[in-house]
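Novice:
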Amino acid sequence: MRAGRTFATAYASLAYGFLYLPIVVLVVYSFNRDGVGGFPPQHWTLDWYRTLFADSAMWTAVGNSAIVAFSTVVLSMLIGFPAAYALDRYAFPGKGAFQRLVLLPLIVPGVITGISLLLLTVSSGFHLSLVTVILGHSTALTAVATTEIFAGLAKLDRSLEEASADLGASRLQTLVRIILPGLRTSLLGTALLIFTLSMDEIAVTFFLIGRENTLPLEIWSRLRRGATPEMNAIATLIFLFSVVTIFLSQWLMTRGQTGTSFVQEGITT
Amino acid sequence: MGRSRLSAWLVTLPPFAWIALFLFVPYCLLFCYSFWSLDANQQVLHHATFANYLHLATTPLYLTVILRSMRIAFSVVLLSLAIGYPLACFLVFQAGKYRQMLYQAVIIPLWISYLVRAYAWKVIFGNEGVMNTLLQWCHATSHPLGFLLYSPFAVIVTLTHIYAPFVVLPVVASLEKIPPELLESSSDLGANAWQTFARVILPLSLPGVLSGATFAFLLSFGDFLAPLLLGGPSSVMIANIVANLFGADYNWPLGAAVAVLILAMVLTILTLTQKLERRWRAA
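Residue numbers (the working numbering), protein chains in the order written: chain F, -18 to 250; chain H, 500 to 782.
1. Just the chain F side, please: which residues come within less than 7 Å of Tyr526 of chain H by C-beta, in chain order?
2. Please go through the region 156 to 234 of chain F and give each complete alpha helix (DSSP H) segment of 4 or more residues, from N-terminal end onward.
3. Taking its Cβ as the centre, do 16 or more other Cβ atoms sit within 10 Å of His545 of chain H, making it buried, or is it exposed?
4. Per DSSP, which one or two residues make a beta bridge with Ser536 of chain H?
5. Terminal residues of the continuous alpha helix (DSSP H) containing Pro669 of chain H?
6. Contact criterion: CB-CB distance below 9 Å. Does Ser179 of chain F meet it with respect to chain H?
7. Who are the near neighbours of Thr94 of chain F in its chain, counting only those whose CB is closer than 6 Å to its CB and skipping five residues on each side?
8. Our contact map puts Val83 of chain F next to Ala124 of chain F with C-beta atoms below 8 Å; I'd like the distance itself, whole angstroms only.
9. Assign Lys621 of chain H to one of two classes, buried (16 or more other C-beta atoms within 10 Å of its C-beta) or exposed (fewer than that).
10. Have a look at Ala547 of chain H and Ile215 of chain F and give me their C-alpha separation to the nearest angstrom.
11. If we cut at 9 Å on Cβ distances, does Trp779 of chain H have a partner in chain F?
12. Near Asp538 of chain H, what residues of its chain come up, given a Cβ to Cβ distance below 8 Å and the 5 sequence neighbours on each side ignored?
13. So, with DSSP's three-state summary, where would you put Asn750 of chain H?
14. Using the three-state DSSP reduction, which class does Asn691 of chain H fall into: helix, strand or coil?
15. For the region 209 to 235 of chain F, enumerate the residues whose C-beta is nearer than 8 Å to any C-beta of chain H, in chain order.
16. Under 8 Å, with one C-beta from each stretch per pair, do the region 740 to 758 of chain H and the region 697 to 704 of chain H reach the 3-pair mark?
17. Exposed or buried, Gly628 of chain H, counting other C-beta atoms within 10 Å across all chains shown (16 or more means buried)?
18. Which class does Gln238 of chain F belong to by DSSP, given the choice of helix, strand or coil?
19. Using the beta-carbon count (16 or more within 10 Å), is Glu683 of chain H buried or exposed?
20. If you drop the 5 nearest sequence neighbours on each side, which residues of the same chain put their C-beta closer than 7 Å to that of Glu199 of chain F?
21. Is any beta-carbon of chain F found at less than 9 Å from that of Ser612 of chain H?
22. Which of the three DSSP states is assigned to Met500 of chain H in this structure?
23. Go ahead and label Asp147 of chain F buried or exposed: buried means 16 or more other beta carbons lie within 10 angstroms of its beta carbon, across all protein chains shown.
24. Ordered along the chain, which non-local residues of its own chain (more than five positions away) have a Cβ less than 6 Å from that of Gly583 of chain H?
25. If you draw a straight line from the C-alpha of Val765 of chain H to the C-alpha of Phe(-12) of chain F, how long is it?
26. Within 10 angstroms of its Cβ, does Phe34 of chain F collect 16 or more other Cβ (buried), or is it exposed?
27. Let me see if you follow: with CB-CB separation under 9 Å, is Ile623 of chain H close to chain F or not?
28. Measure from the alpha carbon of Lys774 of chain H to the alpha carbon of each residue in H:Ala747, H:Val654, H:Phe723, H:Leu709, then state which is nearest.
29. So that I know if they touch, is there some Cβ in chain H lying closer than 9 Å to that of Tyr66 of chain F?
30. In its own chain, which residues sit with a C-beta less than 7 Å from the C-beta of Tyr552 of chain H, not counting the 5 before and 5 after it?
31. What does DSSP give as the partner residues of Trp25 of chain F in its beta bridges?
32. Exposed or buried, Ser(-6) of chain F, counting other C-beta atoms within 10 Å across all chains shown (16 or more means buried)?
33. Anything in chain H within Cβ reach of Arg310 of chain F, meaning under 9 Å, just list it in chain order.
34. Output needed in chain order: residues of the region 728 to 759 of chain H with a Cβ under 8 Å from some Cβ in chain F.
35. Can you list, in chain order, the residues of its chain whose CB lies under 6 Å from that of Pro514 of chain H, leaving out five sequence neighbours each side?
36. I want to see whether chain H comes within less than 9 Å of Tyr1 of chain F, judged by CB atoms only; does it?
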């Protein structure tokens, strides 16, 4: 039994090694003077970060991504909240079909969502721009918003709402005074998750991008030309940004709401 | 009652309209396009024809690529399970007081950019990359191993890295639902650790395995970024074909037909696994 324990621990360590090896490599090599290759790294430098900070195209892309991510958070929460609320509280004809359709982008490859929205854009005579990217992200990530908020709603204490109604509050008053405050942490965590996912999105963006690049697309177009050490530096910064967001959301969601329920619920519903 | 019905309508309508306009209509358009064709001037002809589907059925290339995509996706699922299942068991049964922290450590990579992670493997597997220089440094090989990058191998490793956490989470969830008394009574009745695993833990964790595996399979199957970044011509997947037809090759109707095919396969697999899961739950 003891040997089994040691073995399990060793195996788990290997699995964590696999999960974290690439990240460690990126961070270490972003400080390597000799660039993207070579083992072991021998000379350390901050040059790649200097190159990166002087790279204006990259920072324009960061700005575009921030605009897209922010708009996506607002839109997908605005659609996701009523969708989750309706799924949780109301019975209506076509509910099953509605639920399946909302959650479909979770499981359908991004390439399908991307090209079908491309067809819509072109058929209706619009041009590709950051607006179409925002539409694509919001459509894809509404699925995440809906499942996350749905999970949050299911955990709310219903007796508070009943008490509120008994005391003569209207539905709207109950929503504003009871439900929204109760969901606060869940909503903030969901917003952060969607922001991060939107900042990273490539598959849908790929087909909907106009002339202005988002950060992942800018990095993507450069990677096609070959790996440069500057990419290690930006990847390290993106990683740091993700870590800060995770801890922020964990801190917000300390009340037991997990950040990844969308994975399980997307599949089982 | 009238007011409540009205508010139900008010709440349901905006998301319903959004979904209809930006999800349902685009899918219908995709379906329509797949029956259209291009004329000699590369203009879309709006006459229904089965030509695209006939072309797909009669050109062996498409079947080859679909089978390859399934093989790659299946390898990703197997590798993810090989890494993820024992890890999930470890988290639930042995991690003890560090469990919460170690569980978070599985989730953290999920938040990290897909691109960053795929790129990291490129740095690791490249000819001048970390793996090859490391192997040469310790004299395991005299010249760089070219097969590491630009091969299905690199694509499989990268996709496994991305989707393995998605397998761990539902397996952990289903293992957590096993009542501890069940494990105790199994060992009280004389089962050894292996028998308890095979007869109690494994069967009860299958729903989690199934949902994680489905997720990893479908998303790897439809991936086109990892093959573009890390795979060579030998690892072109079906979604790459769609991306090319909508890009350089410019044949949207044919691209739409391939996309409809992918969508149909995704929905079929999803329906099958849901049926299976329901049966397991009932049993």
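Using N, Cα and C, we set each Cβ at its ideal position, and we do this for glycine too.
Specialist: With the given structure in hand:
1. Taking the second sequence and counting its residues from 1, one reaches residue 526 of chain H at position 27. Correct list: Ser97.
2. 161 to 181, 186 to 189, 196 to 204, 210 to 233
3. If you number the second sequence from 1, residue 545 of chain H lands on position 46. His545 of chain H comes out exposed.
4. Here the question's residue 536 of chain H lines up with position 37 in the second sequence. Ser536 of chain H is bridged to H:Leu544.
5. Taking the first residue of the second sequence as 1, we reach residue 669 of chain H at position 170. Looking at the DSSP string, the run of the alpha helix (DSSP H) that includes Pro669 of chain H is 651 to 675.
6. Your numbering for residue 179 of chain F matches position 198 in the first sequence. Chain H contact via Cβ: absent.
7. Position 113 of the first sequence, counted from the start, is the residue given in the question as residue 94 of chain F. These residues qualify, in order along the chain: Pro86, Ala121, Val185.
8. Here residue 83 of chain F corresponds to residue number 102 of the first sequence, with the count starting at 1. Here residue 124 of chain F corresponds to residue number 143 of the first sequence, with the count starting at 1. With a Cβ gap of about 6 Å, Val83 of chain F and Ala124 of chain F count as contacting.
9. For the purposes of this step, residue 621 of chain H is identified with residue 122 of the second sequence, where counting begins at 1. The residue is buried, with at least 16 neighbouring Cβ atoms inside 10 Å.
10. Here residue 547 of chain H is taken as the residue at index 48 of the second sequence, counted from 1. Here residue 215 of chain F is taken as the residue at index 234 of the first sequence, counted from 1. About 48 Å.
11. Walking along the second sequence from the start, residue 779 of chain H turns up at place 280. No, Trp779 of chain H lies away from the interface with chain F (no Cβ there is under 9 Å from its Cβ).
12. Here residue 538 of chain H is taken as the residue at index 39 of the second sequence, counted from 1. Here the set comprises Leu544.
13. Along the second sequence, one-based indexing puts residue 750 of chain H at 251. DSSP places Asn750 of chain H in coil when its eight states are reduced to three.
14. Taking the second sequence and counting its residues from 1, the one referred to as residue 691 of chain H is at position 192. Looking at Asn691 of chain H - three-state DSSP - the assignment turns out to be coil, as it is neither helix nor strand.
15. Met212, Asn213, Ala216, Ile219, Phe220, Ser223, Val224, Thr226, Ile227, Gln231
16. No: the two stretches stay apart, fewer than three of their Cβ pairs being nearer than 8 Å.
17. By one-based count along the second sequence, residue 628 of chain H stands at place 129. By the 10 Å Cβ count, Gly628 of chain H comes out buried.
18. Against the first sequence, residue 238 of chain F aligns to sequence position 257. Note that Gln238 of chain F scores a pLDDT of 47, beneath 50, so its modelled location is shaky; the value from the coordinates is reported in the next line. Note: Gln238 of chain F maps to coil in three-state DSSP.
19. By one-based count along the second sequence, residue 683 of chain H stands at place 184. By the neighbour-count rule (16 or more Cβ atoms within 10 Å), Glu683 of chain H is not buried but exposed.
20. Residue numbering aside, residue 199 of chain F sits at position 218 when the first sequence is read from its first letter. Answer for Glu199 of chain F: Ala38, Met39, Ala42, listed in chain order.
21. Along the second sequence, one-based indexing puts residue 612 of chain H at 113. So yes, Ser612 of chain H belongs to the interface.
22. Translated into the one-based positions of the second sequence, residue 500 of chain H becomes position 1. Per-residue confidence for Met500 of chain H stands at a pLDDT of 46, beneath the threshold of 50, marking its modelled position as unreliable; no derived number is given.
23. Position 166 of the first sequence holds residue 147 of chain F. Asp147 of chain F comes out exposed.
24. Indexing the second sequence from 1 puts residue 583 of chain H at position 84. Cβ within range, chain order: Ala663, Val666, Val667.
25. As a position in the second sequence, residue 765 of chain H is number 266, starting the count at 1. As a position in the first sequence, residue -12 of chain F is number 7, starting the count at 1. One C-alpha to the other measures close to 38 Å.
26. One-based indexing of the first sequence puts residue 34 of chain F at position 53. Per the 10 Å Cβ criterion, exposed.
27. The sequence position of residue 623 of chain H within the second sequence is 124, counting from 1. Cβ-Cβ to chain F under 9 Å: yes for Ile623 of chain H.
28. By 1-based counting over the second sequence, the position of residue 774 of chain H is 275. If we check each option's Cα against that of Lys774 of chain H, H:Leu709 comes out closest.
29. Sequence index remark: in the first sequence, residue 66 of chain F carries index 85 (1-based). Yes - at least one Cβ of chain H is within 9 Å of the one on Tyr66 of chain F.
30. Within the second sequence, numbered from 1, the residue matching residue 552 of chain H stands at position 53. Excluding residues within five positions, the ones whose Cβ falls inside 7 Å are Ala756.
31. Translated into positions along the first sequence, residue 25 of chain F becomes position 44. F:Asn13.
32. If you number the first sequence from 1, residue -6 of chain F lands on position 13. With fewer than 16 Cβ atoms within 10 Å of its Cβ, Ser(-6) of chain F is classed as exposed.
33. Absent from the model: residue 310 of chain F. The displayed extent of chain F is -18 to 250, so no value can be given.
34. Leu728, Ala738, Val741, Ala742, Phe745, Trp751, Gly754, Ala755, Ala758
35. Reading the second sequence from its first residue, position 15 is the one you call residue 514 of chain H. Result list for Pro514 of chain H: empty, nothing under 6 Å.
36. Residue mapping note: residue 1 of chain F aligns to position 20 of the first sequence, counting from 1. Residue-level contact check: Tyr1 of chain F touches chain H, since one or more beta carbons of chain H fall below 9 Å from its beta carbon.
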